[in-house]
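Residue numbers (our numbering), protein chains in the order written: chain A, 13 to 123; chain B, 18 to 417; chain C, 1037 to 1437; chain D, 466 to 668.
C-beta: ideal position from N, C-alpha, C; glycine also.
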Amino acid sequence: MTGLLAVITVSHYLAVGAFFFVTGVLCMATKRNALGVLMGIELVLNGANLNFIAFGSKYLRSESLGLDGQLMALFVIILAAAEAAVALAIALSFYNAHSTIDVDQGDELKG
Amino acid sequence: MATANREQIIELDVRTDELLVNMGPQHPSTHGVLRLVLKTDGEIVTHVEPHIGYLHRCAEKIGENLTPRQWIPYTDRMDYLAAMNMNLGWSLCVEKLLQYELPEKARHLRVIIAELGRIASHLVGMGAYGLDLGTFSPFLYAFREREKILNLFEEACGARLTNSYITPGGATADLPPGWLEKCEAFLDQFEPVIAEYHALLTTNAIFIQRTAGIGVMSAEMAIDYGCTGPVLRGSGVDHDLRRDGEERYTEMYDGYAFEVIVQKDGHYPRDHDYPPVPPEAVLGDCWHRFYVRMLEVVQAIDIIRQGIEFYRSAEGDWGHPIKLNTKLPKGEVYLETECPRGQMGFYLVSDGSAIPWRTRARSSCFCNLSVTEELCRGCLLADVPAIVGSLDIVMGEIDR
Amino acid sequence: MAEFFAQYMPAGVAYTLTALISAALLLGVVGVGALFFIWAERKVAGRIQDRLGPTRTGGKFGWLQSLADGIKLLTKEDIAPADADKTLFRLAPYVSLAPSYAALLALPFADGWVGWEINTAMFFLLAVLGLEVFGVILAGYASGSKWSLFGGMRQAAQVVSYEVPLGMCGVIPVFLCGTMSLTTIGNMQAGWFTNWLIFHDPFTFLVFWVYFTCAVASVNRAPFDLAEAESELVAGFHTEYSGLRWSFFFMAEYNSMLVVSGLAAVAFFGGWNGPVPIFASWKAAGGGWEIVANLAGCINFIMKAVLGVMLMIWVRWTLPRLRIDQVITTCLKYCVPLAAFCFVGALSWQLFDLPSPNDWVPAERAGRAAVREPWARGTTGSTQSSAGTSARLAQGSEVHR
Amino acid sequence: MLLGTFDLHTFLFVLFALTACLFAAGVLFSSNIVRMAFHLVLSLGSSAGLFFLAGAEFVGAMQLMIYVGGTLVLLVFGVMLTAQHRFLEMRTNAGEWVLSLVVGGALLMVLLQAAFSVSQWNTPNTERSQLAVDESKAATPIGAALAGVRVDKLQQKDAHLRAGMSGYLMPFVIVSMHLLVVLVGAAYLARPRMAVRNPKGGG
Chain A
13 MTGLLAVITV SHYLAVGAFF FVTGVLCMAT KRNALGVLMG IELVLNGANL
63 NFIAFGSKYL RSESLGLDGQ LMALFVIILA AAEAAVALAI ALSFYNAHST
113 IDVDQGDELK G
Chain B
18 MATANREQII ELDVRTDELL VNMGPQHPST HGVLRLVLKT DGEIVTHVEP
68 HIGYLHRCAE KIGENLTPRQ WIPYTDRMDY LAAMNMNLGW SLCVEKLLQY
118 ELPEKARHLR VIIAELGRIA SHLVGMGAYG LDLGTFSPFL YAFREREKIL
168 NLFEEACGAR LTNSYITPGG ATADLPPGWL EKCEAFLDQF EPVIAEYHAL
218 LTTNAIFIQR TAGIGVMSAE MAIDYGCTGP VLRGSGVDHD LRRDGEERYT
268 EMYDGYAFEV IVQKDGHYPR DHDYPPVPPE AVLGDCWHRF YVRMLEVVQA
318 IDIIRQGIEF YRSAEGDWGH PIKLNTKLPK GEVYLETECP RGQMGFYLVS
368 DGSAIPWRTR ARSSCFCNLS VTEELCRGCL LADVPAIVGS LDIVMGEIDR
Chain C
1037 MAEFFAQYMP AGVAYTLTAL ISAALLLGVV GVGALFFIWA ERKVAGRIQD
1087 RLGPTRTGGK FGWLQSLADG IKLLTKEDIA PADADKTLFR LAPYVSLAPS
1137 YAALLALPFA DGWVGWEINT AMFFLLAVLG LEVFGVILAG YASGSKWSLF
1187 GGMRQAAQVV SYEVPLGMCG VIPVFLCGTM SLTTIGNMQA GWFTNWLIFH
1237 DPFTFLVFWV YFTCAVASVN RAPFDLAEAE SELVAGFHTE YSGLRWSFFF
1287 MAEYNSMLVV SGLAAVAFFG GWNGPVPIFA SWKAAGGGWE IVANLAGCIN
1337 FIMKAVLGVM LMIWVRWTLP RLRIDQVITT CLKYCVPLAA FCFVGALSWQ
1387 LFDLPSPNDW VPAERAGRAA VREPWARGTT GSTQSSAGTS ARLAQGSEVH
1437 R
Chain D
466 MLLGTFDLHT FLFVLFALTA CLFAAGVLFS SNIVRMAFHL VLSLGSSAGL
516 FFLAGAEFVG AMQLMIYVGG TLVLLVFGVM LTAQHRFLEM RTNAGEWVLS
566 LVVGGALLMV LLQAAFSVSQ WNTPNTERSQ LAVDESKAAT PIGAALAGVR
616 VDKLQQKDAH LRAGMSGYLM PFVIVSMHLL VVLVGAAYLA RPRMAVRNPK
666 GGG
């Protein structure tokens, strides 16, 4: 254990990112609640962000992505916010139409 | 404008399920033990149902087992914030049955005391209204002044809250020596202080936002529901029993110069002395009800000053109470007086014995409260205390 | 401090020790701050209302009153309603307290006296302060009481909308100073009080009041205390709480008040710099003199922050409460446009180099621009952290041309 | 011996990584929407801590403000739309769970294998102690990059590489427009379908 964590490297960040990604994917797959699915998406995006940050960090690698990593992460965050807004709007109008936010009920092509 | 506002508020982005909320009887702003069952959709109140009866003490039934003078302490406990006015209403009712002629001095004593009671009551109404809207300090400022009135009461009759001072026949005692001077000193000190309340409440921008255009009650509606007192006059109905009442009551105010506090042609009497009506305010809204009370306080000061002069120059006796076991003549009698919260009526049926066969009280707050349901429908949750507070109810009087 | 310890022990231990000491000191600020402010609130409220307030506990001014209150709260039963979501209900007070404590981390008390010298301190502070609302929402939801739920929902709507103008107000000092580091922003306002950002131009003067309004709203104080509106919602989100958990909400509230006032002190009122530069020469002397100067600066800062809190207390005991729609309207109709207007105005003022009161003060500094924009000119000024990048940035702009 | 090898950075990393993973799993395994949101917030907050550790302070603060703030709105909507008991717990059946856990576990294995396989990623930065504190702080360069100047590439000797350093001005503008469009679109999507009139006011 001490050997594995002796010095933190990019790989450790990637591992955490991978865990986030998998959790997020599973969330999207298993949740029946529309908001739960949305949370899964946020987790996935956050996992990707962790990778960007790790590759961009000068602490972890001398040959880092540099600023690009952080900027990418920044754009991901912004897009995640935009995505959340749209998804919420969809969830809302879904709720207005069906009086539920169970995505399994949304099996008809009608708003 | 008010209706436009209301429609705007009730447009919903998201329809959520209706929530049934129990406001009271243990709630900070239900003035005692009023219970309101609210149906809310988010912050919007869709239905209000007042439940009363938590303070019912069978006061009227007790009255049928006591002589009129013995029942006086029970009237204290009806509108416990204006006990003097309750005493006065019942005393006048009994005197009407007895055809009792009141000495001149007693008449002016009663006017002074009743109007002091009105000030004391309105001070609570005003302070508690501030509390309903979330400001604490005016409440304590109001109580500071009310304490001085209660001190005066204590000196006159020995009690502060439940006075039992005015009785059929006059009062339990004459005003003690030096009392009038103290009362005048109080008035001189109190009159400039009113500006503080206007600064903290009446003209405060947030206060105006919270009250103007909220809970608008038209004159027709006020009359239909049987509203009385400042609630009625706040809707612009020119009606005050001190001027329009029965002769038995109005003759008490003979010789006094006063105007009914009501907005006529867009103006209140002597309104140049007071903050102007804000443009947002609609006649009949919470702001106007509050403002009417504030102006009545000033008017009461004026009446008391006149009363003190009359009392000083009055000849004769201060009016001794009738004997405890005075036989009441057979018959029935009903008399309404203008109490701080509205018209308080007492009804008495006598079978000729010393104990009334039937006593009933007509409560002003009961009628005033009945408009809650209609006024609160469609308002926001925060408006409910604002509207109920502007009606200035006292549960002791409603439940009796 | 870490360097000092590192002389005697391994670096890892030294840094940990430093971190622990900083954390303990900041915890002291939370604790003592809450005790003091609760006492002050009661005392000030008493005086405002023509009362005395606490008079006996602990001597003449009742200054031990809040300690006594604390002991009383400790001994009270910790109740969780039957309908409550017990775990979340128990956690909510801590969730509320933690961000407000974390915000202290980035707040500098004097030049360099800061728990965590972070480059984006202003941003971090505003972000972390916004998190405090979570505890309130959780408390509202988990209590299983309708009143609490109302309080939590109100708080969420309110805080989310007030983040916007608050952020805009916070951005103005950042732009004027060219850095988000609060230490640097504070140092740039050294000199006479005319160099304070609030006196920089009319727009910064105006925006301070917008900031103050939004800060009051974001820390949930009257007249924006809708989440706990006692006349409507009984006690709002903390209706069902008792004992120590209840008091945690208040520690969080008072601490947040201190943080937003401290932020205002740094961003608008010169931070640890007094109105008159008395300690400037001491600071330059270094060594023990510098520590004395910093201590004076720290006292100065705390006095400014406390003044802000007192202003909030004063406002609370004077004004009625707004309604929820009016709160949101105040934010969207007044605060946001005003902040945006001031943003443009303040930046234009800086851009066109319009006069500022500081120009008329006989000071050793050449002019306000030299003080404000060391990075754009490639001079390091009193900043350390942004110096390197600034030089490169200056170079970059030349390359661009 | 333990004290000698003790590294605050490692300790904090382990702390933040563990809480982040723990609460991410909490999101997955809780069925109550409010608890899910609560776990998500803690998870995202912990990953903001990881960002700070990696030296990305601006992004970390951004994460706290936007991501966590966005989740706050989620939470509110969760409560608003699903506070009633019939919605509060929407359970997934056991079969789906087994299937998804198997798939997810396999995916995680693959990703972990990939994460630790590249030796360049696996070797710590040896010059780390030589890094000036200033080097990692990126708020100003990020701002400059968004405004179109890449200060970190100024030292780039290669003229071709330097030519491409106009920064992120264009993406920044695009994202801004995107956000604006999204806001308008979301407002349109969520527009009130039913205007409930005041029963008294008629209409």
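| task | Check the Cβ of D:A580 against every Cβ in chain A and list those closer than 7 Å, keeping chain order. | result | Ordered by position in chain A, the residues that pass the 7 Å Cβ test against D:A580 are S23, L26, A27, A30.
| query | Looking at chain C, which residues of the stretch 516-541 of chain D have a Cβ within less than 7 Å of any of its Cβ atoms? | reply | Cβ contacts with chain C come from E522, F523, A526, L529, M530, V533, G534, L537, V538, L540, V541.
| Using a beta-carbon distance cut-off of less than 9 Å, what residues from the stretch 1179-1208 of chain C approach chain D? | Hits within the stretch, in order: L1185, G1188, M1189, A1192, A1193, V1195, V1196, E1199, G1203.
| request: Check whether the Cβ of B:L397 lies closer than 7 Å to any Cβ atom in chain C. | output: Answer yes: the Cβ-Cβ gap between B:L397 and chain C drops below 7 Å somewhere.
| Which class does B:S367 belong to by DSSP, given the choice of helix, strand or coil? | Residue state, collapsed to three classes: strand.
| message | At the level of alpha carbons, what is the spacing between B:R227 and B:V350? | response | Rounded to the nearest whole angstrom, the C-alpha separation of B:R227 and B:V350 is 43 Å.
| query | Do you know whose CA, among C:A1303, C:W1282, C:L1355, C:S1292, lies nearest C:S1179's CA? | reply | Out of C:A1303, C:W1282, C:L1355, C:S1292, C:W1282 has the C-alpha closest to the C-alpha of C:S1179.
| task | Report the residue from C:V1246, C:L1162, C:Y1290 whose alpha carbon sits nearest the alpha carbon of C:V1066. | result | C:V1066 has its Cα closest to that of C:Y1290, out of C:V1246, C:L1162, C:Y1290.
| query | Pick from C:L1347, C:F1241, C:Q1191, C:V1255: whose alpha carbon is nearest that of C:D1361? | reply | For C:D1361, the nearest C-alpha among the options comes from C:Q1191.
| task | Answer with buried or exposed for C:F1211, where buried requires no fewer than 16 other C-beta atoms within 10 angstroms of its C-beta. | result | Around the beta carbon of C:F1211, fewer than 16 other beta carbons lie within 10 angstroms, which makes this residue exposed.
| query | Looking at the unbroken alpha helix (DSSP H) that takes in C:Y1277, where does it start and where does it end? | reply | DSSP places C:Y1277 outside any alpha helix (DSSP H), giving it a letter other than H or E.
| Three-way DSSP call (helix, strand, coil) for B:R417 in this model | Under the three-state reduction of DSSP output, B:R417 falls in the coil class, being neither helix nor strand.
| Between A:G12 and D:A482, which are expected to be in contact by the criterion C-beta below 8 Å, what is the C-beta distance as a whole number of angstroms? | A query on residue 12 of chain A cannot be resolved here, the shown segment of chain A reaching from 13 to 123 and no further.
| message | Since C:L1390 and C:D1237 should fall inside the 8 Å C-beta cutoff, what is the C-beta to C-beta distance between them, to a whole number of angstroms? | response | With a beta-carbon spacing of about 7 Å, C:L1390 and C:D1237 fall inside the 8 Å limit used to define contacts.
| query | Which same chain residues, not among the five before or five after B:C174, have their C-beta less than 8 Å away from its C-beta? | reply | Excluding sequence neighbours, B:C174 sits near N180, S181, Y182, A188, T189, A190.
| field | Cβ contact check for the stretch 1323-1342 of chain C and the stretch 1242-1250 of chain C: 3 or more pairs under 8 Å | value | Because the criterion of three Cβ pairs below 8 Å is not met, the stretch 1323-1342 of chain C and the stretch 1242-1250 of chain C do not touch.
| task | Name, please, each residue of chain E whose Cβ falls closer than 7 Å to the Cβ of C:V1172. | result | Chain labels in this structure do not include chain E; the protein chains are A, B, C and D.
| message | Just to make sure I have the definition right: I need the residues of chain C whose C-beta is within less than 7 Å of the C-beta of D:V506. Which are they? | response | For D:V506, the chain C residues whose C-beta falls within less than 7 Å of its own C-beta are F1170, listed in chain order.
| query | At which residues does the alpha helix (DSSP H) containing C:K1112 begin and terminate? | reply | Note, C:K1112: premise wrong, no alpha helix (DSSP H); not H, not E.
| said: Looking at C:Y1177: is its Cβ nearer than 7 Å to the Cβ of C:G1166? | reply: Between C:Y1177 and C:G1166, the C-beta spacing is not below 7 Å.
| request: Please report how far the alpha carbon of C:G1098 lies from the alpha carbon of C:F1073, in whole angstroms. | output: The straight-line gap from Cα to Cα measures roughly 13 Å.
| Which residue comes first and which comes last in the alpha helix (DSSP H) that contains B:P209? | 196-214 is the extent of the alpha helix (DSSP H) around B:P209.
| query | Is it the case that the Cβ atoms of C:M1348 and C:M1293 are separated by a distance below 7 Å? | reply | The answer is yes: Cβ separation under 7 Å.
| query | Name the chain C residues that come within less than 8 Å of D:L473, Cβ to Cβ? | reply | Neighbours of D:L473 on chain C, chain order: G1048, Y1051, T1052, A1055.
| Beta-carbon of D:V499 versus every beta-carbon of chain C: anything under 7 Å? | By the rule that beta-carbons nearer than 7 Å mark a contact, D:V499 touches chain C.
| query | List, in order along the chain, the chain A residues whose C-beta lies closer than 7 Å to that of D:L493? | reply | Taking the beta carbon of D:L493 as reference, the chain A residues within 7 Å of it are T35, L38, C39, listed in sequence order.
| task | Compute the distance between the beta-carbons of C:L1161 and C:A1146, then report whether it is under 7 Å. | result | No, Cβ-Cβ distance for C:L1161 and C:A1146 is not below 7 Å.
| query | Whose C-alpha, out of C:V1351, C:S1278, C:L1299, C:R1257, is nearest the C-alpha of C:T1111? | reply | For the residues C:V1351, C:S1278, C:L1299, C:R1257, the minimum Cα distance to C:T1111 belongs to C:S1278.
| said: Am I right that B:F46 and B:D149 are in contact with their C-beta atoms under 8 Å? What's the rounded C-beta distance? | reply: Correcting the residue type first, residue 46 of chain B is Ser in the shown sequence and not Phe. The distance from the Cβ of B:S46 to that of B:D149 is about 5 Å, consistent with a contact at the 8 Å cut-off.
| task | Please look up how many angstroms separate the CB atoms of C:P1259 and B:G151, rounded, as I've assumed it's under 8 Å. | result | At roughly 7 Å, the Cβ-Cβ gap stays under 8 Å, so C:P1259 and B:G151 are in contact.
| task | Would you decide whether C:W1411 is buried or exposed? Buried here means 16 or more other CB atoms lie within 10 Å of its CB. | result | In this prediction, C:W1411 scores a pLDDT of 43, lower than 50, which makes its location untrustworthy; no coordinate-derived value is stated.
| message | Taking the alpha-carbon of B:C303 as reference, which of B:S407, B:F224, B:M361 has the nearest alpha-carbon? | response | The shortest C-alpha separation from B:C303 is found at B:S407.
| task | Count the other C-beta atoms from every protein chain shown that fall within 10 angstroms of the C-beta of C:A1301, then say buried if there are 16 or more, exposed otherwise. | result | It counts as buried.
| task | Let me know if D:S582 comes out buried or exposed under the rule of 16 or more other beta-carbons within 10 Å of its beta-carbon. | result | With fewer than 16 other Cβ atoms within 10 Å, it is exposed.
| query | Roughly how many whole angstroms lie between the Cα atoms of B:V279 and C:E1113? | reply | For B:V279 and C:E1113, the distance between alpha carbons rounds to 53 Å.
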